[in-house]
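When you read off a place in the sequence shown, starting at 1, and then add 52, the result is the number in our numbering.
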Amino acid sequence: MGPHPTVAAIRLAVRRVLHDVLAASADVSTAPSPATADAAGPLVLAACSGGADSMALAAALAFEAPRLGVRAGAVTVDHGLQSGSDRRAQEVVERLRALGLDPVEAIGVTVGRQSATPAHGGAYVGTAGTGTGRRVGPEAAARDARYAALDAVAERRGAAAVLLGHTRDDQAETVLLGLARGSGTRSLSGMAAVSGAGGRYRRPFLLLDRDTVRQGCLAQGITVWEDPHNHDPAYTRSRVRHEALPVLEKSLGKGVVQALARTAQLSRDDADALDQWAADAQADAAGDDGSLDVARLHGLPAAVRRRVLRRAAVAAGSPPGFLFARHIEEVDRLVTGWRGQKALNLPGGVAVRRADGRLVFSPS
């Protein structure tokens, strides 16, 4: 008798990602056998909070990895936002080791300081402010600190990939948040199945719903921990999850989550195509100093032209997270609504001006 259908679906999703990791690490035909995995197989880590999604991910990784000659480990991040969080992190470590994962470690982060450098004791700090004069919220600061910690562990351990437990429901929430902010196509594309430097981060569960993953935990008798922040209405994502999406499904019928996730994929396909077009257009318009030929820019569709302008601003030193649509629209007016305007100041100390038929990006 085979595994419960939800368990089979979870394992299949992880197996497919491991095959991709093996293919990216080396020729699949020369991948190590399970008997030699400890000596030669690539290391894949599961990022695990102890919740149902990430515990299901860790269990599937522990099951599938030895069969493919992959070494499997895990890391849990302690954000230090609750009393006793260090003890909870250690409990998660013990559960992960009980699954057979090795190496396993907990790493602490400090959320909310004005720095992004390692703190004492190997902890990493989430940025609550930058030199741009804009502060980020606690959710974003915690996310920044978490990814900094995961990056550090992956680099220190030499991991080929880090698996994340985001589900289709998480994807739908991300798209809805983007819609509420009035974001563009790239934000509406949600989370990528593969992201990070060198494709480090992999999300096997983006085609699985949260209920499937949690039923998989129940079927395997996996002990999970429910983060109280997931139900705290002080957090925007929590309100979307427990208030906004249920209202939409009640009003519009079932299938809203699937539709939003499908929107993410369609938007990603479009955004990828537009980004490639913009990269090619930038290469055609750019001079050796990075300035852009206004005449070449003027003939481009607005969606492509503004992507070119954003790419140029980022290349000049403007931080992507603080470069908003209104900034790019102002730069765009130097191309489409030229009336002799003065230079514009962008986040990150970047100035852009029009001179001799070119847009010039330089330190302000």
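A virtual CB, placed ideally from N, CA and C, is assigned to each residue, including glycine.
Can you tell me which of the three DSSP states residue i falls into?
{"i": "Y253", "result": "strand"}
{"i": "V145", "result": "helix"}
{"i": "L396", "result": "strand"}
{"i": "T48", "result": "Residue 48 is absent from the model: the chain starts at 53 and stops at 416."}
{"i": "A171", "result": "Any answer about A171 is weak, because its pLDDT of 34 lies below 50 and its placement is not dependable; what the coordinates show is given next. Three-state DSSP puts A171 in coil, outside helix and strand."}
{"i": "S239", "result": "helix"}
{"i": "S101", "result": "coil"}
{"i": "S137", "result": "helix"}
{"i": "S370", "result": "coil"}
{"i": "A158", "result": "strand"}
{"i": "L284", "result": "In the sequence under discussion, the amino acid at residue 284 is Asp, which differs from the Leu named in the question. It is coil, neither helix nor strand."}
{"i": "R362", "result": "helix"}
{"i": "L326", "result": "helix"}
Please list, in chain order, all residues of the same chain as residue i whose beta carbon is under 8 Å from its beta carbon, the five residues on each side excluded.
{"i": "A503", "result": "Residue 503 falls outside the range modelled here, since the chain spans only 53 to 416, and no answer is possible."}
{"i": "P86", "result": "With a pLDDT of only 46 at P86, under the threshold of 50, the placement of this residue in the model should not be trusted; the figure read from the coordinates follows. Only P118, R119, L120 and G121 meet the Cβ criterion."}
{"i": "L411", "result": "S343, L344, V346, L349, L361, A364, V383, L386, V387, V404 and R405"}
Could you say which of the options lies nearest to residue i if we only look at CA atoms?
{"i": "R378", "options": "V366, L398, A364 and R363", "result": "L398"}
{"i": "P57", "options": "S106, D221 and A271", "result": "A271"}
{"i": "V387", "options": "A111, V360 and A99", "result": "V360"}
{"i": "Q317", "options": "L259, Y287 and H350", "result": "L259"}
{"i": "V276", "options": "G248, L202, G160 and R140", "result": "R140"}
{"i": "F376", "options": "G236, K394 and G103", "result": "G236"}
{"i": "H131", "options": "A197, R68 and G152", "result": "A197"}
{"i": "F374", "options": "V402, M107, W390 and M53", "result": "V402"}
{"i": "A99", "options": "V73, V144 and A75", "result": "V144"}
{"i": "R262", "options": "R68, M107 and A76", "result": "M107"}
For residue i, which residues does DSSP report across the bridge?
{"i": "V96", "result": "A124 and A213"}
{"i": "F413", "result": "V404"}
{"i": "V356", "result": "None; V356 has no bridge partner."}
{"i": "L344", "result": "A338 and L411"}
{"i": "S247", "result": "Y253"}
{"i": "D321", "result": "Beta-bridge pairing links D321 to no other residue."}
{"i": "D130", "result": "G160"}
With respect to the alpha helix (DSSP H) encompassing residue i, which residues constitute its N-terminal and C-terminal limits?
{"i": "A407", "result": "Unbroken run through A407 is the beta strand (DSSP E), V402 to A407; no alpha helix (DSSP H)."}
{"i": "V292", "result": "Premise fails: V292 is in no alpha helix (DSSP H) and is neither H nor E."}
{"i": "A117", "result": "A117 -> no alpha helix (DSSP H), and no H or E assigned at all."}
{"i": "Q223", "result": "R220 to R233"}
{"i": "V299", "result": "L297 to L304"}
{"i": "H71", "result": "P57 to S77"}
{"i": "V276", "result": "From DSSP, V276 is part of no alpha helix (DSSP H); its letter is neither H nor E."}
{"i": "D384", "result": "A377 to T388"}
Which same chain residues, not among the five before or five after residue i, have their C-beta less than 7 Å away from its C-beta?
{"i": "A206", "result": "L97, V214 and R252"}
{"i": "R210", "result": "Position check: residue 210 holds Gly in this sequence, whereas Arg was assumed. Only L95 meet the Cβ criterion."}
{"i": "A338", "result": "L344"}
{"i": "T82", "result": "Note that T82 scores a pLDDT of 44, beneath 50, so its modelled location is shaky; the value from the coordinates is reported in the next line. Answer for T82: no residue qualifies."}
{"i": "D336", "result": "R348"}
Can you list, in chain order, the residues of its chain with a C-beta nearer than 6 Å to that of residue i? Leave out the 5 residues immediately preceding and following it.
{"i": "A313", "result": "R220, Q223 and A224"}
{"i": "G400", "result": "G369, S370 and P371"}
{"i": "E157", "result": "V127"}
{"i": "P155", "result": "G125"}
{"i": "R266", "result": "A104"}
{"i": "S319", "result": "T237, L240 and S241"}
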